[in-house]
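Structure record follows, encoded as structure tokens.
Chains as they are written, first to last, in the working numbering: chain A, 40 to 508; chain B, 40 to 508.
Structure (structure tokens):
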């Protein structure tokens, strides 16, 4: 039935090792671009970013950023010779992308045909996740998944496992080998899903606790996210255990879904009749706060946006998924007005691309379309390329309370950065030659580029090498 | 200001020749897939298509399809040896894609930031088109454009030039060298645009007539399309000359835009107060009929869909453009119900990709989103992968009244076909291994593949070679 090979071939292909090289260069040269602050919706927010057309980044021996500036300044300050410098001249170096919402066990069901959210979960997502009871399989898919993240320039992600504890272990073990800054967790789900995927309040608590105590701030650059799938699949008791964990550990995250689909919203309303709104279900259990990241939020009210902002919680806007499932158009302008911490997620496997560039492109389209549906009297802002790049770098780092570590190229930060090639495809190269401004070039990258434009990826100063390439 | 090179570099890069090889193979082997009829919206419309998992296509000496069938049958019927066969086993051979709406002079303004239709035209499209007064430049961009079509597996397109006669000449001359089946025309536009881009009813008539008499069914595989830009930029007199030309020549096409944007619709209503609707403006001038193709039609009423169907006219649905400009969601379900001839267009340069695969993917998303906005009582169909592939092959050929020549792989047709590689990227390969049905595999191609998956392109039986590759 399938001329393109069987499941068993998969394992072989994906077990190829991918690993960082051991070498940390003293200096890296190229055009350098990063944010110091939120660019807002200005078209040319010069004070929010730094751009060195010919710049050099200096790295410490342990892969942190030591200094950054124009090539001339850095060369004279550090007495660099050409043997000290890895030269990416003509290419654009930016902080590694941050994907704030994705499900690694759904890697194999990307592009599954024909349904909206609830049916899609039942028909595709749940059966796919059942396989992650097998740690060997979980490890194989983790390798593939992390390698796809890196091929696409994503150096940090907030990741859902399956309900199985081993799914998180496999992911963390593979991320540790790569020294990736990964945040993830096993799903908590004790009702309204197939029996074979349910845990209990007790096992969800003990498994999550054990994972936190083994991994969170303990091994590699791993942090843990308490992961109730969404309100409809956790009992009150389970949401209470999530609350207990969220408040028991420093820096621990909370990731879940909110207001993605109208049927889902109606269902949650029936299940939690006393909560004021969908987001308030989580708030009633003390789960809305710093380091809590809510995926989608398409149909949130202004009151809910305000609650998120007041509580320092964040939204992961997932445009490729929202379009693929026909869930609706995220209200970017209202989210900005409310000053919510706003980030982008791929939402693999309802999302259709691992690429944060593609995700920015579809975010732009959603915002364009949203403006069209808005009343003519309320002229809305487009998603500027600056805002889009901010949302996938420093903006995401801030939403994750990691701006002291990643998301920018300032001295002291971890050396997670990527190199974008403006000549990656004939069309990109053609378009780039017609650009006049940095904004134009960023916009060309976000609208036209894909994984081919990710020329190099550095993790803590070491260049990642994909052995499949 | 632009570190990625200047305009002058462009010319050099794009003048690299791309050409078909001179060799026509006797037989081509691979998985073969093509339509005999409209698959409708059925999920498994087996009687509408042919699929040979291991098939062979036999070509005549002049590049037409002589026969097609299973490899076993064809080998025994034609006594083929392995030296007669070009082997694409493991890959999927389909008819070349057909793009029914695109503007080649807008190649350089793909991904131009921040506006909806009318402002986008004024700010980006008009200035870009002004350059096509220069035939040398027009030729350079034609080469780039046709090469991008072919790299993306598009072997036939319906193409807008600029207002300048030389823009069409340059395009046709380059298409003739490649022996591509191209339909195109110079824009007619005598009002409501910058002075430097206006023609007159008289020059529009004489230039179009001269182009028709030189090219249409005369040289290569070129046909002509009378090309009034849209109702707002042609006077009544000019629309009358368009009508005269449309009815004076056999097989001549009419291409224009309709109902893309609410502001545009309101404007046309003000300009033609006596016409019943936007489409009726064209109909009042006798321009709605066989071989007339209307781009967009996002906001058409059911009466207008019916008029298109009754008159055997066609719609080019352009999803990447409709999302990029925020124009709105094409009503696919109503168009299907009305049995309108329905095709897909990239609409470069408001569209964001030359790839018909990417265009199918975004069409799927628009249809998913449209379903969401529909009332719950009216459950709507998704865009099946069969329908999407039909719309870009046989469906488009029928809309263009070219089903005797292209769009399918039946004996007697021109040998325009492409080879899709299921292993083009790690993600595509990974996903393909998990597919169970042909529908799944077509869907994976349309959602996940891009130009990298176009492994080979044959024009009249000759394999095209991109000398830039």
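Even glycine gets a Cβ: it sits at the ideal position worked out from N, Cα and C.
- Residue pairing by DSSP puts residue 223/A in a beta bridge opposite 198/A, 263/A.
- For chain A, the residues of the stretch 450 to 482 of chain B that bring a beta carbon within less than 8 Å of one of its beta carbons are 461, 462, 464, 465, 466, 468, 469, 470, 471, 472, 473, 474, 475, 476, 478, 479, 480, 482, in chain order.
- Not one beta carbon of chain A lies nearer than 9 Å to the beta carbon of residue 273/B.
- Within 8 Å of the CB of residue 489/A, the CB atoms of chain B belong to 489, in sequence order along the chain.
- Chain-ordered, the chain A residues with CB closer than 8 Å to the CB of residue 400/B read 391.
- Residue 453/B sits in a strand when the DSSP states are folded into three classes.
- Here the alpha carbon of residue 65/A sits roughly 41 Å from the alpha carbon of residue 461/B.
- Secondary structure at residue 74/B: strand, using DSSP grouped into helix, strand and coil.
- Three or more Cβ pairs closer than 8 Å define a contact, and the stretch 153 to 170 of chain A falls short of that threshold against the stretch 214 to 225 of chain A.
- For the alpha helix (DSSP H) assignment, the uninterrupted runs of no fewer than 4 residues enclosed by the stretch 447 to 506 of chain B are, from N- to C-terminal side, 465 to 471, 477 to 487.
- DSSP places residue 84/A in the coil class of the three-state scheme, outside both helix and strand.
- Shown here, residue 129/A sits in a strand according to DSSP, grouped into three states.
- At least one CB atom of chain A sits nearer than 9 Å to the CB of residue 368/B.
- From the beta-carbon of residue 153/B, the residues of chain A found nearer than 7 Å are 421.
- Shown in chain order are the members of the stretch 93 to 120 of chain B whose Cβ falls below 9 Å from a Cβ of chain A: 93.
- DSSP places residue 331/A within a strand segment (E or B) once states are collapsed to three.
- Residue-level contact check: residue 212/A does not touch chain B, since none of the beta carbons of chain B fall below 9 Å from its beta carbon.
- Annotation for residue 297/B: no alpha helix (DSSP H) segment contains it, though the beta strand (DSSP E) segment containing it runs 292 to 297.
- For residue 149/B, the residues of chain A that pass the 8 Å Cβ criterion are 466, 470, 486, 487, in the order they occur in the chain.
- The C-alpha of residue 395/B lies about 13 Å from the C-alpha of residue 426/B.
- Residues of the stretch 340 to 366 of chain A that bring their beta carbon within less than 9 Å of a beta carbon in chain B comprise 359, 361, 362, 363, 364, 365, 366, in sequence order.
- Taking 8 Å as the Cβ-Cβ cut-off, the stretch 169 to 198 of chain B approaches chain A at 183, 186, 187, 190, given in chain order.
- The three-state secondary structure of residue 420/B, taken from DSSP, is coil.
- For the pair residue 344/A and residue 187/B, the Cα-to-Cα distance works out to about 44 Å.
- Contact of residue 372/A with chain B is not assigned, every C-beta pair being separated by 9 Å or more.
- When 503/A, 505/A, 494/A, 488/A are compared, the shortest CA-CA separation from residue 150/B is found for 488/A.
- Approximately 11 Å separates the beta-carbon atoms of residue 494/A and residue 190/A; this is outside 8 Å, ruling out the contact.
- For residue 318/B, no CB of chain A lies under 9 Å from its own CB, so it is not counted at the interface with that chain.
- Contact between the stretch 406 to 413 of chain A and the stretch 375 to 388 of chain A is absent, with fewer than three C-beta pairs closer than 8 Å.
- Check the Cα spacing between residue 336/A and each of 286/A, 273/A, 269/A, 392/A: the tightest is with 269/A.
- Between residue 404/A and chain B, the shortest Cβ-Cβ separation is below 9 Å.
- Note that the stretch 248 to 259 of chain A touches the stretch 198 to 208 of chain A; at least 3 beta-carbon pairs, one per stretch, sit closer than 8 Å.
- With its beta carbon less than 9 Å from one in chain B, residue 409/A belongs to the interface.
- When Cβ-Cβ separations below 9 Å define contact, residue 301/B makes contact with chain A.
- Per the coordinates, the alpha-carbon of residue 125/B lies some 46 Å from the alpha-carbon of residue 199/A.
- Ranked by Cα distance from residue 181/A, the options 209/A, 329/A, 163/A, 173/A are led by 209/A.
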